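Student:
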Amino acid sequence: MVTITNAHTELIHDAVLDYYGKRLATCSSDKSIKIFEVEGETHRLVETLYGHEGPVWQVDWAHPKFGVILASCSYDGKVLIWKEENGRWSQIAVHAVHSASVNSVKWAPHEYGPLLLAASSDGKVSVVEFKENGTTAPILVDAHAIGVNTASWASAALQDGAAPQQMRRFVTGGADNLVKVWKFNPDANTYLLEDTLEGHTDWVRDVAWSPSVLLRSYLASVSQDRTCIIWTQENSQGPWKKTLLKEDKFPDVLWRASWSLSGNILALSGGDNKVTLWKENLEGKWEPAGEVEQ
Amino acid sequence: MSADNKDDPFKSITFGKSLSLRVDGGFNAVSISPSGRDVVLASRQGLYVVDLDDPFSAPRWLHHITPWEVADVQWSPHPSKPSWVVSTSNQKALVWNLSRSSSDAIEHVLHGHSRAITDINFHPTNPEILATCSIDAYVHAWDMRSSRRAFYSASVWSAGASQVKWNFKNPNVMASAHSNDVFIWDLRKGCTPLHVLKGHANSVNSIDFSRFNETEIMSSSNDGTVKFWDYSVNEEEPLRTVVTDFPVSKGRYLPFGSGFCVMPMIGGNNSVYLSNSITSNESGPISKFQPIYVFKGHTDRVSDFLWRQRHSTNTLIDDREFQLVTWSKDCDLRLWPVNESTYEKVGYERLCGLEKPLPDHEYCTFRKEPEEAKAPTAHTARWKEHFVTKSGTEASDGSNNINHLAWVSGVRLHHANSPHDLFEEDKLQNLGEEVSMIGHKFPKIVFEKISVSTGVLVLTLNGPWSENNPDDYIFLRLEVKFPSGYPQKKHVPRFKIEENRELSEKKHHEIVDQLSEIAQRYTDLGKYCLEPCLRFLLGEKVNLDGLQEEEQLLNLDLVDHVELDEFSSLASSDARSRALSDGSNTSEDDFDDIDNKSSADGFVARSAHDLRLDTTPIPKGCGAVWTAAGQLVCFFMVENKSDKKQSIFKLGQRGFGGLKDAHKPELLYEEQDANFDRPKRYVDTLSASSHHNSEAANSLNGSDSDASSDSFGDDWNDIVGNDITWRTKMPLISNFKKSLASMASDDNKSSLSVQKSKNTVIVRDFSHLIPDKKQLAMEYKLYGDSLESVCKYNAQVATTHGFEELAHCWRMIANVLIAREEKNPYNFGWDQHSLGGKWFVKQTMIHFEKLRNVQMLAILSCILMDQPMGKAASAPLVPKKGEETIITYESNFVSHSQRSRHESITSSMRSDDYFTGTHGIKTLKPWTPVPVLGQDNLSSHNMLPDIKIEIVNDEVLDLLSSDSPPLLDAEDEAKYRSYRYQYAELLFYWGLLINRTELLKFNLDENFTSSVWHLLNHPPQPRAQLDYMGICYKLLEHKGAGAYFPRNCNYCELRVDGRGSVCGNCQHILHADCAKIWWDVSDECASGCGCECVKFFDVV
């Protein structure tokens, strides 16, 4: 178990291990991103990345087939792309189409190519593709009028016959208390609203699409209203079914939801500074599977 | 230049201190005047001349707009040409004479190179001569007395030059660096190099001749080494090689003592490293770089470093003192003091005698525009026309188009000699900071003159001092003169208000008296008094009684201390003065104004303004993220009780203040629960967190001041809106703290230990909760003699790793398969039935779907996929008691069976006595009791479907004619493919590439599979006209060369003996025919390495 304290001088807002579980990226209100090398019990700070002009909210590692690449988003409205080559980090791209804080940034499943999804408080989400020739092609979508708090890709479901891009879907959660599902339309070259999921009574803070495509698609959304809703859809079509993770409310607002790779464990965290784990039993009920405290 | 500029360098206020100067505008190159008074910075906009002794004065701007980055700028080191500066402009070099007016300062243009100039070097002894080198591989030497042509040229032809340097001792020798080599030239020898120093493994970035030894030169390279050569001794090998852990962009000998300084191209903590050459000599020709001092603090790559020096005039005693000047991409120009211990370490003995006096330089600045612009001579006029030099009209007014206030606020001068004291300082450091802070707070005050060095301010404002109408505002111009000791006691600034028609004499005196009183009271306590004085002038009441307690008044985080009514008065006085200055200014204009700004400023101004509309949610302080390996990365806030208490208190206060904004529904959002006073929006938390910050970091920290209150935010916005250079670097104020916090330190350690604990990251291993196991994946088999044995084997694997439940399942599947393989009609019978094996398999799959066990799903789907012909060797697997006739026949579904991994295409079948037909009830249960089974274990964990199978169908005879049906539903195939695909991703993640390929074979289309199988069994006949799909490496046929490549086809796993196709990128190999098949369906390498081989060559 690795413990890193006081990495930043301000609150940490995200910490993500890379694909191989060797490198940890953290970001903070101190406007910096730090990269640690994690090996067993030990860790070593290898780099501190400065470049954002506001608190950095989230970071995400790209799939290693694109190189050692990290995306970060900040209150300054920018998404920065960082790359490591021969042990040296540099900022290789700036994605600055948003006019307010960018709250979430996520790389698409690697099958789609280097595709980045960013959600901003200006009410828009953007999907930007970093093309071979160095150009980018951002697609902007008005998602939630008041502000988009989070966005998450659906896993790349391998579908026979369908070109992979036709299955591109993602989900957003916003300050209008809604969760919306979007699907790529190649003809319009944009993402169209597929479903609007109502259920929360306050801002949706995070949505997570289960990475595993089994019997059905799973979505978890957590909200300021202290609930977590699991949304399920059969065979990537039809209506979404709503299930409250637990009937009574959580002790504090919920901030973050994360699925394990196989989608069997959901980790939730929130204002009470506690991480709880949940799994679905064979009867389809959600039960606690663990807890982590500081 | 005027005579009063001539000062004594020993009176310099900045020498020996640390100073940081923020200069926005993309400056790339820097140089220092030989007197050490001025620094020149060069960018595409022209040159900035900064007076280091008066950093608060805005720099002189010599306009020269070019689209090219300025590669180098050099100040002439010669006392006879103190005003000469040479800079590059693509392939030309411009020689500026700073004693001319800015609009006409270019004295010579050196045009001889055909491509961009990379470096310039003044001749060390002859002031008229300089050398340039360029990407065009030429090195030119120029004489300013005939500047139209270079008087000496040499070229290496093969590689562009990165640097050129004159020898300090021999005026005819110079050196230039080209690619990996250093060339030594002699002007008398024409264009044949005297020496060529080869040895670097990558391009040489910088060279420097020794000041003492004529033939000694150092070279710094991208290969991370610094080499010291003496070409009179040995030009093959360097005397010494120092290995650093970063590519070195500049490396130069110290001008004092015997040491050298290097700075990294990238990495290296953005520091400048100082090392002494003596110690390392002992450790052999190659040694590790050992810095003895590190100048650390820049947040981006350092562009250049310079030595500022001073010494007494006309003396034979070497009393030189040095200060390091660095310029970095982070837009900070920094001055670093050098302490005595450093001098000692490099063996520089101060105050020892000299043979001849050091050259004296007039200590004067060229920052000021020369008083009388000389008429351009015919000579320069001729050259000038080639350039787009901006006219001097606006350049010659004092401000030079540079926002003086912005400039001043970028200057950080540290009085403390020890850099370590700086962290504790939370107050204003000097008048400059006070002025810049006030500029931010009171945007309506216009500063007409800021001269921090002389302590003179002239500002104008509107105050409510009319006698007739108290609501009327009067325009005041105020001159404040600060004594040099300000703000210490008895150093009271003097105020002078300009005579004004509207201001009666009585009132005039009254105001001045009041101001003096305020100033007196504040300075008595050693406090800065400008702010209260200006507040008074703006019509606010200044309470002098509580002064002692009001420690924090001058701190930037006003919010916490200013009362509500003070807020409003501030805002209203703002509004009123605005209205006064522009009668037609309505709030609508105001909005337009803001809109314009926001479009121009982009996000920053807007976000600063639209705080009410900013819906950024409160930041997450706690979260957990899964990794693919089943680790959970958690991060938490660390709270201690007292912090929490205070922040709640502050929140309450903020909420109260915020109520004046009618449209803040979120603030009214409440729950019964006490927890839910928590604000929802990020901006609502800022005042709270600012308190937090200032407590923890002791600071004028950025994020606090930029948005700590709405009205302040507006001020900010206005300021930000004023100037372009500001916008690009938003948190100017915030940088104060950072620049303070990062100072030189004697050792390499960063000094961030002051903070309290704020956060913690924990990585926990939860892989036991994840159903997919790498250890199983490594051992599981997909292939084997028979499917049943594969399942048995897998069961064993699961058992050894302690996954009893999985083992149990494997055994059950194995048993189902035995039955089928034997083609025992009894088994057949119930198996065929809808409640038979097929049903069992389906339930199993559903079970694992519920468990989200992708691993099991994928492997099962593979094994069961071609179950029907899953048949192995002709020998019976289980010895039968009574031997019966065995009918062996050729399978009639050969083509179908191609998918099978089994070599044999003949199936054997035991002719059992089908006709006796004893059918009865069979349950699955009795099948399972394999010895190791832990029954209770099983039931406690999971509810495997309890299976009872009843056979009702006795139409045995029908069965013989049909193939045994697949155990998996064909319609679910798509789903299974996706499972396999997911599992393949997982295998890739685990690095089990071979397993992945094995698995992915099952995802090939049936048609393809069969043809592959066909090809494998029938090796292709060599044909003459082959459509090659890639590079056929003939090498493969030769043993030696072939050893480099894996010799087995990555598709069919068979040895590649004939034609093969090797990917030039990943070196994986495929049979030509396999390649054809594989690349029809995929662009990715068959080995699973992720390489997209097809992209690397043309496929027909």
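Chains as they are written, first to last, in UniProt numbering: chain A, 1 to 294; chain B, 1 to 1100. Just so it is clear, CB atoms sit at the ideal spot from N, CA and C, and this is done for glycine as well. No experiment lies behind these values; they were computed from the predicted model shown.
Which residue's Cα is closest to the Cα of B:I859: B:L817, B:T799, B:C791 and B:T225?
Tutor: Closest by alpha carbon: B:C791.
Student: Where does B:D1073 fall in DSSP's three states?
Tutor: The answer is helix: DSSP assigns B:D1073 an H, G or I state.
Student: If distances are taken between C-alpha atoms only, which option among B:I1077, B:I1069 and B:D1073 comes closest to B:C1091?
Tutor: Per the Cα distances, B:I1069.
Student: Since B:M144 is in the beta strand (DSSP E), which residue starts that stretch and which ends it?
Tutor: Taken as a continuous stretch (DSSP letters only), B:M144 belongs to no beta strand (DSSP E), as it is neither H nor E.
Student: Does the Cβ of residue 1109 of chain B have 16 or more other Cβ atoms within 10 Å, making it buried, or fewer, making it exposed?
Tutor: Shown here, chain B extends from 1 to 1100; a query on residue 1109 of chain B therefore has no answer.
Student: Assess contact between the stretch 353-363 of chain B and the stretch 288-295 of chain B, defined as three or more Cβ pairs (one per stretch) separated by less than 8 Å. Is contact present?
Tutor: No, they do not touch.
Student: Using a Cβ cut-off of 8 Å, which residues of the stretch 235-267 of chain A contact any Cβ in chain B, in chain order?
Tutor: Listed by position, the residues of the stretch 235-267 of chain A near chain B (Cβ gap below 8 Å) are P251, D252, V253, W255, R256, S258, W259, S260, L261, S262, G263, N264, I265 and A267.
Student: Any Cβ of chain A within less than 7 Å of the Cβ of B:T728?
Tutor: Because the pLDDT at B:T728 is just 33, under 50, the model does not fix this residue reliably, and the value given afterwards should be weighed accordingly. Judged by the 7 Å Cβ criterion, B:T728 is not in contact with chain A.
Student: Of the residues that make up the stretch 8-20 of chain A, which ones have a beta carbon closer than 9 Å to any beta carbon in chain B?
Tutor: Residues passing the 9 Å Cβ filter: H8, T9, E10, L11, I12, H13, D14, A15, V16, L17, D18, Y19 and Y20.
Student: Strictly below 8 Å CB to CB, what residues from chain A border B:W626?
Tutor: Those are S258, W259, S260, L261, I265 and A267, listed as they occur along chain A.
Student: Using a Cβ-Cβ distance under 7 Å, would B:P9 count as near chain A?
Tutor: Taking Cβ atoms only, chain A never reaches closer than 7 Å to B:P9, which makes this a no.
Student: Let me confirm a value: B:K227 is counted as buried when at least 16 other C-beta atoms fall within 10 Å, else exposed. Which label applies?
Tutor: Burial call: buried.
Student: Using a C-beta cutoff of 7 Å, does A:L70 count as contacting chain B?
Tutor: Output row for A:L70: interface = no.
Student: Identify whether B:W839 lies in helix, strand or coil by the three-state DSSP scheme.
Tutor: The answer is helix: DSSP assigns B:W839 an H, G or I state.
Student: For B:I770, which residues does DSSP report across the bridge?
Tutor: Looking at the DSSP assignment, B:I770 forms no beta bridge with any residue, so it has no partner.
Student: Check this for me: beta carbons of A:K124 and A:L117, under 7 Å apart or not?
Tutor: No.
Student: Check whether the Cβ atoms of A:L268 and A:W259 sit closer than 7 Å, and answer yes or no.
Tutor: Taking 7 Å as the Cβ cut-off, A:L268 and A:W259 do not qualify as a contacting pair.
Student: Using a Cβ-Cβ cut-off of 6 Å (strictly less than) and excluding sequence neighbours within five positions of B:H361, which residues of its own chain qualify?
Tutor: Excluding positions up to five away in sequence, the list reads P34, S35 and P79.
Student: Quick test of your reading: B:L537 and B:L457, contact by CB under 8 Å. State the CB separation rounded to the nearest angstrom.
Tutor: No, B:L537 and B:L457 are not in contact; Cβ-Cβ is about 13 Å, not under 8 Å.
Student: Name the chain B residues that come within less than 8 Å of A:S101, Cβ to Cβ?
Tutor: Within chain B, the residues near A:S101 are S607, D614, T616 and Y682.
Student: Taking C-beta pairs closer than 7 Å, name the residues in chain B that A:R88 reaches, listed in chain order.
Tutor: By Cβ distance, chain B contributes I266 and G267.
Student: For B:S271, name the three-state secondary structure that DSSP assigns.
Tutor: Coil, per DSSP.
Student: Which chain A residues sit within Cβ distance under 7 Å of B:A629?
Tutor: Result: G21.
Student: Report all residues from its chain with a CB closer than 7 Å to the CB of B:V408; omit the five preceding and five following residues, and keep chain order.
Tutor: Taken in chain order, the residues that qualify are F56, G432, V435, S436, I450 and V452.
Student: Is B:D143 closer than 7 Å to B:T365 when the C-beta atoms are compared?
Tutor: No. Outside cutoff.
Student: By Cβ distance, which residues of its chain are closer than 7 Å to B:N269, with the 5 residues on each side in sequence left out?
Tutor: Closer than 7 Å at Cβ, skipping near neighbours: K296.
Student: Would you please verify whether the beta carbon of A:A175 is less than 7 Å from any beta carbon of chain B?
Tutor: Cβ-Cβ to chain B under 7 Å: yes for A:A175.
Student: Exposed or buried, which one is B:Q775 when buried takes at least 16 other CB atoms within 10 Å?
Tutor: Answer is exposed; the Cβ neighbour count stays below 16.
Student: When we look at the beta-carbon of B:H108 and count the other beta-carbons within 10 Å, is it buried (16 or more) or exposed?
Tutor: Buried.
Student: Excluding sequence positions up to five away, which residues of its chain have a Cβ less than 6 Å from the Cβ of B:K645?
Tutor: The pLDDT assigned to B:K645 is 39, lower than 50, so where the model puts this residue is not dependable, and the model offers no usable value.
Student: List the endpoints of the continuous beta strand (DSSP E) containing residue 1106 of chain B.
Tutor: No answer is possible for residue 1106 of chain B: the residues shown for chain B start at 1 and end at 1100.
Student: State the beta-bridge partners of A:E85 as determined by DSSP.
Tutor: For A:E85, which the question treats as bridged, DSSP gives the partners A:R88.
Student: Which residues does DSSP pair with B:M637 in a beta bridge?
Tutor: Note: B:M637 sits in a beta bridge opposite B:N759.
Student: Quick check: is the beta carbon of A:Q294 nearer than 7 Å to any beta carbon in chain B?
Tutor: True, the Cβ-Cβ gap to chain B drops below 7 Å.
Student: According to the Cβ coordinates, are A:V207 and A:V148 closer than 7 Å?
Tutor: Result no, Cβ atoms of A:V207 and A:V148 do not sit closer than 7 Å.
Student: Rounded to whole angstroms, what is the Cα-Cα separation between B:I497 and B:A42?
Tutor: Approximately 40 Å, taken between the alpha carbons.
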